[in-house]
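Since the structure comes first, as structure tokens, the remarks are kept for the end.
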Amino acid sequence: YIALELGQVYAALGSKVSMAVRSKFLRGVDSELVAPLARKMSELCKDVYLQTVVDSVKENEDGVDVVLKREDGKTVHKTFDRLLVAVGRVPVTQELGLEKTEVEIDEKGFIAVNDKQQTADPHILAVGDVVKGPMLAHRAMRQGKVAAEVLAGMASAYDVRAIPAVVYTDPQIAWCGLTEDEAKKDNIACEITRFPWGASGRAATMGVSEGLTKLFLEPETGRILGAGIVGRDAESIIAECVLAVEMGALAEDLALAVHPHPTLTETEGEAAEIFLGTSTHFIGNKK
10 YIALELGQVY AALGSKVSMA VRSKFLRGVD SELVAPLARK MSELCKDVYL
60 QTVVDSVKEN EDGVDVVLKR EDGKTVHKTF DRLLVAVGRV PVTQELGLEK
110 TEVEIDEKGF IAVNDKQQTA DPHILAVGDV VKGPMLAHRA MRQGKVAAEV
160 LAGMASAYDV RAIPAVVYTD PQIAWCGLTE DEAKKDNIAC EITRFPWGAS
210 GRAATMGVSE GLTKLFLEPE TGRILGAGIV GRDAESIIAE CVLAVEMGAL
260 AEDLALAVHP HPTLTETEGE AAEIFLGTST HFIGNKK
């Protein structure tokens, strides 16, 4: 996410930004949520190269010479003032002496833990980026709290249903719980409701009508399994959906909660109402 976030910052400050992406923007993230951001990046950037890798980099007096290799085998030669490389993170678990313990480490360097954050040696606990899963600060903090409570003798466990993720771009993208790709991959029965922000009065007054709020629900019960949002303040709006997934709330619960008007949070209630067939501002009701 960092390349997109900083790329937007530099572009907004007046730099001419070119972006090379190994596959597509935010691979693995809901493509419907990514679409508005992809359009924005195409407008902001001087050049966008998808399905492209950096073949070579060489510094010289004029800057940085970069050779980009595209999926079709063709190469692009460019010279830039600065080069930002953002290729993800890996766990740093080498040279810690863990090989002298019973701690188990997989082929990618992640430490295996149970729901109490204990390793194969129960006296050694691990949290955060060295444990397999989303490399996010709020996940690490929750795991750290669990670990501290376990060490203090409390009956604590890490059993979180929904870890929210946010891409801090303009527009922002946020999601939690089940995603559309996961539902397809694992053959999970899931009904999707979509509330376009074009039907939101608040979004219209803010000039952010391209936004979208999606809910993923259990067809028979209406239990909220996941959510995805693209648009202004998605980082904050997603919190209500995180609570809904965590507590096993139903579409009816979210719909009956009175949301302040006019706000973007109303889009969550409206998305739930679409499932129930009671949406006031969108005609694509289920029932």
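Note that the numbering used here gives residue 137 to position 128 of the sequence shown, counting from 1, and the numbers run on in steps of one.
Just so you know, even glycine gets a beta-carbon here, dropped at the ideal spot from N, CA and C.
For clarity, every value in this text was computed on a predicted model and none was experimentally measured.
For Ile197, there is no enclosing alpha helix (DSSP H), as DSSP marks it with neither H nor E. When only Cα atoms are considered, Phe291 and Leu160 end up about 51 Å apart. Secondary structure at Tyr19: helix, using DSSP grouped into helix, strand and coil.
The region 218-229 and the region 178-197 touch, with three or more beta-carbon pairs separated by less than 8 Å. A residue is called buried once 16 or more other Cβ atoms fall within 10 Å of its Cβ, and Ala29 is buried on that count. Look at Met163 here: in three-state DSSP terms it is coil, with no helix or strand label.
Distance from the CA of Thr128 to the CA of Gly278, rounded to the nearest whole angstrom, comes to 41 Å.
For the pair of segments examined, the region 40-53 was found not to touch the region 76-95: the number of CB pairs separated by less than 8 Å stays below three. Cys54 sits in coil when the DSSP states are folded into three classes, being neither helix nor strand. Pairing Leu107 with Ala171, the inter-Cα distance amounts to about 30 Å.
Take Leu263, set aside five residues on each side of it, and the residues of its chain with a beta-carbon closer than 7 Å to its own are Ile233, Ala253, Glu277, Gly278, Ala281, in chain order. Gly82 sits in coil when the DSSP states are folded into three classes, being neither helix nor strand. Taking the C-beta atoms as reference points, Ala258 is found no nearer than 8 Å to Glu227. With respect to the C-alpha of Ser24, the residue from Met163, Asp56, Thr202 having the closest C-alpha is Asp56.
Residue pairing by DSSP puts Lys223 in a beta bridge opposite Arg203, Gly237.
Thr110 sits exposed, since fewer than 16 C-beta atoms from the chains shown fall within 10 Å of its C-beta.
Taking C-beta separations shorter than 6 Å and ignoring five residues to either side along the sequence, Arg91 has no partners in its chain.
Rounded to whole angstroms, the gap between the alpha carbons of Ser40 and Leu145 is 21 Å. Going by DSSP, Thr61 is part of the beta strand (DSSP E) stretching over 61-69. The residues Phe225, Leu226, Glu227, Pro228, Phe284, Lys295, in chain order, have a CB closer than 8 Å to that of Glu200 in the same chain once the five nearest residues on each side in sequence are set aside.
Per DSSP, Ile182 lies in no alpha helix (DSSP H) segment; the continuous beta strand (DSSP E) that holds it begins and ends at 181-186. In the DSSP annotation of this structure, the continuous segment of the alpha helix (DSSP H) that includes Met215 starts and ends at 210-215. Arg36 is the residue among Arg36, Arg31, Ala20, Thr88 whose C-alpha sits nearest the C-alpha of Val176.
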